[in-house]
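The sequence shown: position 57 = 52 (my numbering), numbered continuously.
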Amino acid sequence: AQTMAAKVTAALGGAGIWGVEFFVADDRVYFSELSPRPHDTGMVTLANTQNFNEFELHLRAILSLPIPEITQERVGASAVILAEGHSENPSYKGIEEIASAPKSDFRIFGKPSSRPYRRMGVVVTYDSLDANVVSVKDRAKALAKKVTVIL
């Protein structure tokens, strides 16, 4: 997947971050989408999982500023908040509960409408570098499931 993403973005040219998303099933890799901008899949960097988040790196690339060595500062994971149906004015239930969860953060994208499986937000979780990554990932998924998109 990384080789495929590098070839596609090199051929397209430009500067900045490219969100290239693939799905892996069994031994096969499937292309999902390409975004020439910071992407929700990289929002885990907003939890200071590395010394520069994806938005800082995007700006540095666009402005031709140097990018020093990128170091991992702590482990992190993200899980999307998905809509289950159509709405022209979605609202949310469960935000208060996830807002008080330790070692976590969230972003609601502010999309004006929803449709089934549309990404409406993201939950990020984090812990120290020596923490169990699977536990951090499971916590992100559990928190994301606590948010309901009201249709």
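Backbone N, C-alpha and C fix where the C-beta goes; we use that ideal spot for every residue, glycine too. Just so we're clear, the structure is a prediction, and the values are computed from it rather than from any experiment.
Can you name the residues that DSSP bridges to Tyr25?
Tyr25 is bridged to Phe18.
With contact counted as at least three CB pairs below 8 Å, one residue from each stretch, are the segment 69 to 84 and the segment 119 to 127 in contact?
Verdict: yes, contact present.
Can you tell me the Cα-Cα spacing of Gly9 and Glu64, whole angstroms?
Here the C-alpha atom of Gly9 lies approximately 21 Å from the C-alpha atom of Glu64.
Closest to Ala137 by CA distance: which of Arg113, Gln67, Pro107 and Phe101 is it?
When each option's Cα is compared against that of Ala137, the closest is Phe101.
Using only the alpha-carbon positions, how far apart do Asp22 and Val39 sit?
Answer to the nearest angstrom: the Cα atoms are 26 Å apart.
Are the beta-carbon atoms of Val15 and Gly89 separated by less than 8 Å?
No, they are not a contact pair.
Mind checking who Ser30 pairs with in its DSSP beta bridge?
The partner list for Ser30 (beta bridge, DSSP) reads Gly14.
Glu51 versus Gly105: straight-line alpha-carbon distance, rounded
If you take the alpha carbons of Glu51 and Gly105, they lie about 21 Å apart.
Taking 8 Å as the cut-off, decide whether the C-beta atoms of Val144 and Ala94 are in contact.
It is not a contact, given that the beta carbons lie outside the stated cut-off.
How about Ser108 and Ser82: do their beta carbons lie closer than 8 Å?
In this structure, Ser82 lies closer than 8 Å to Ser108 by Cβ.
Roughly how far, in whole angstroms, is the beta-carbon of Ala56 from the beta-carbon of Ile12, given that I think they are within contact range, below 8 Å?
Contact between Ala56 and Ile12 holds, since their C-beta atoms are separated by about 7 Å, short of 8 Å.
Delimiting residues of the beta strand (DSSP E) encompassing Thr120
That run of the beta strand (DSSP E) goes Arg114 to Asp122.
In angstroms, rounded to a whole number, what distance separates the CA positions of Asp133 and Ala126?
Looking at the two C-alpha atoms, the distance is approximately 13 Å.
What are the start and end residues of the beta strand (DSSP E) that includes Leu77?
Looking at the DSSP string, the run of the beta strand (DSSP E) that includes Leu77 is Val70 to Leu77.
Answer yes or no: does any C-beta atom of chain B fall closer than 8 Å to that of Pro33?
This model lacks chain B altogether; it includes just one protein chain.
Whose C-alpha, out of Thr44, Ala20, Phe18 and Gly80, is nearest the C-alpha of Ser99?
Minimum Cα distance to Ser99 is reached at Thr44.
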